[in-house]
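Numbering (this note's numbering), first residue to last: 40 to 573. Notes follow the structure.
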Ligand SMILES: [Zn+2]
């Protein structure tokens with residue numbers, strides 16, 4: 040098969056073959072024959088116009104996709120890829136071995152160090168007033184417990200001011216402090232919109248607004264912010280900090296990093312957190328048992344993983360594929376940014392097989408520590424000025440599993456000419472839903488292409504269809520393999536491979552002239568030593 044357009048051509052032949060001409064009058068059959076024949080000719084014309092390289096890319100992506108196998112090996116076999124973790128090294132080793140198998144050279148490039156930390160088991164149970172194992176996750180970089188620590192829960196007090204808070208603080212000694220607002224509902228708004236009366240929906244929204252504001256005041260009256268409050272509770276002898284960062288969907292919380300240095304910080308899912316909160320509030324004095332076994336690794340290297348297919352006639356000019364490799368670790372980082380990683384690896388594999396002798400050199404950057412501020416890509420930009428100044432294009436993807444629907448010219452005045460030229464080689468079925476904006480605006484820092492744009496290099500982002508990314512998978516405990524939409528990834532690998540091929544072949548260098556109205560972001564320095572300053 041050669042993709043949907045050609046399949047629909049095949050369907051026309053099929054109709055033609057099985058049509059019985061004897062059953063209709065002569066004139067009508069002549070008209071029908073003309074219509075079908077014209078359609079056939081049109082199909083042949085389209086086929087003849089399609090670059091055989093493009094057809095071969097689509098065929099390879101469709102008939103020999105490695106996306107499922109690779110996704111299983113990375114997301115299920117290795118798991119999440121937190122900066123400073125052993126898993127990040129394992130993931131890099133895995134990717135390098137994959138590339139070697141495809142005949143592509145790849146290596147790890149260290150650019151700094153980070154606090155090393157490996158997640159262990161988190162096991163949290165309510166043991167009084169009744170027994171229930173809770174869905175809870177130790178936050179990244181949180182201190183561990185040697186054995187299970189038991190303690191009562193206490194709600195962060197609503198005090199008059201910071202003086203009153205200091206007087207209250209000794210109450211937390213030996214207790215687990217509930218520091219998150221209890222949500223009035225665990226149902227996402229779309230569920231309320233579907234089933235609630237308008238009056239009860241409005242009431243819930245108003246109640247939540249008031250609760251949120253009251254909780255914000257409760258924190259600020261302590262004289263601390265979220266970050267410094269954890270330290271104050273820790274210094275007052277609390278057994279641990281218990282939060283709940285709801286992501287506004289069924290059963291989904293966001294899992295980031297901890298602010299404590301000695302005691303564990305855990306996130307408890309909305310449902311279980313609400314249970315603990317209500318029982319604490321009503322005087323049932325729940326006791327929980329917390330076992331959180333992580334490991335400190337000391338200062339470890341932080342790195343990018345870079346692959347290369349050497350160019351031929353213009354080897355000193357570069358076309359780069361780009362996706363950050365690191366993730367938060369509440370789930371397995373499947374859509375942030377496992378899927379971007381898969382698209383780039385699959386496109387590299389296809390390019391090496393179908394287009395092994397590119398005019399320009401093809402590079403792929405699997406960045407480290409994007410989540411802490413684009414550190415890997417910023418370091419690469421600083422360390423490789425010769426590549427940045429000779430970049431024909433960089434193509435980044437980092438917003439989930441969906442089909443590409445947005446492509447912006449990143450604020451480059453002439454981007455419409457050359458990106459448009461490359462995009463014109465992509466058959467309609469793969470790009471019909473893409474909305475382009477030229478010259479567009481330079482990205483301020485949402486993902487790694489911004490590191491290159493800030494340096495004035497032609498870098499672009501493939502914007503994916505949402506698929507409930509922000510609520511359900513982005514930085515959440517539900518960012519796992521089952522959320523990947525493989526048909527969409529294949530679509531994106533095809534688009535990426537064709538764009539890269541076209542950018543490599545283009546006789547013209549891409550212009551980096553900036554559009555008049557674009558306010559250009561300034562380059563930001565990479566953080567080359569991190570994880571200790573909280
Ligand atoms: Zn991301």
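By construction, the Cβ of each residue, glycine as well, lies at the ideal position given by its N, Cα and C atoms.
What's the C-alpha gap between residue i and residue j?
i           : j           : result
residue 428 : residue 549 : 11 Å
residue 234 : residue 104 : 41 Å
residue 447 : residue 480 : 7 Å
residue 424 : residue 94  : 35 Å
residue 32  : residue 100 : Summary: the structure shown does not reach residue 32, with the chain confined to residues 40 through 573, and so no result is reported for it.
residue 454 : residue 478 : 6 Å
residue 81  : residue 462 : For residue 81, the pLDDT reaches just 45, beneath the cut-off of 50, and the residue's location in the model is therefore unreliable, although a value from the coordinates is still provided. Straight-line Cα distance between these residues: approximately 22 Å.
residue 106 : residue 441 : 14 Å
residue 200 : residue 108 : 57 Å
residue 171 : residue 325 : 11 Å
residue 274 : residue 263 : 13 Å
residue 268 : residue 298 : 9 Å
residue 419 : residue 335 : 27 Å
residue 241 : residue 387 : 50 Å
residue 538 : residue 464 : 8 Å
residue 435 : residue 186 : 44 Å
residue 393 : residue 98  : 10 Å
residue 430 : residue 492 : 11 Å
residue 244 : residue 288 : 15 Å
residue 307 : residue 157 : 20 Å
residue 364 : residue 567 : 17 Å
residue 86  : residue 467 : Unreliable placement is indicated for residue 86, whose pLDDT of 46 sits below 50; the coordinate value is still reported in the next sentence. Rounded to the nearest angstrom, the two C-alpha atoms are 13 Å apart.
residue 272 : residue 403 : 45 Å
residue 161 : residue 333 : 9 Å
residue 490 : residue 563 : 8 Å
residue 66  : residue 89  : Confidence is the limiting factor: at residue 66 the pLDDT is only 49, short of 50, which leaves the residue's position unreliable, though a coordinate-based value still follows. About 35 Å.
residue 224 : residue 456 : 50 Å
If you reduce the DSSP assignment to three classes, tell me which class residue i lands in.
i           : result
residue 488 : helix
residue 324 : coil
residue 265 : helix
residue 92  : helix
residue 348 : strand
residue 400 : strand
residue 219 : coil
residue 159 : coil
residue 497 : coil
residue 305 : strand
residue 528 : helix
residue 424 : helix
residue 432 : strand
residue 534 : helix
residue 445 : strand
residue 343 : strand
residue 236 : coil
Counting C-beta neighbours from all protein chains within 10 Å, is the total for residue i 16 or more, i.e. buried, or is it exposed?
i           : result
residue 498 : buried
residue 511 : buried
residue 571 : exposed
residue 534 : buried
residue 202 : exposed
residue 150 : buried
residue 137 : buried
residue 265 : exposed
residue 323 : exposed
residue 482 : buried
residue 399 : buried
Would you please state the rounded distance, in angstroms, between the beta carbons of residue i and residue j? I believe it to be under 8 Å.
i           : j           : result
residue 135 : residue 126 : Between residue 126 and residue 135 the Cβ distance is about 15 Å, and since that is not below 8 Å, they are no contact.
residue 452 : residue 542 : So it is not a contact: roughly 18 Å between Cβ atoms.
residue 369 : residue 294 : 3 Å
residue 277 : residue 339 : Actually they do not touch by this definition, with Cβ atoms about 29 Å apart.
residue 502 : residue 438 : 6 Å
residue 193 : residue 214 : 4 Å
residue 484 : residue 551 : Contact flag wrong, Cβ pair sits at about 19 Å.
residue 346 : residue 305 : Not confirmed; about 38 Å, so no contact.
residue 221 : residue 318 : Residue 221 to residue 318, Cβ: 11 Å. No contact.
Between residue i and chain C, is the shortest Cβ-Cβ distance under 9 Å, so that the two count as touching?
i           : result
residue 370 : Within the model displayed, chain C is absent; a lone protein chain is all it includes.
Test item, CB below 5 Å from any non-hydrogen atom of ligand 1: Spelled out in chain order, the answer is 375, 376 and 437.
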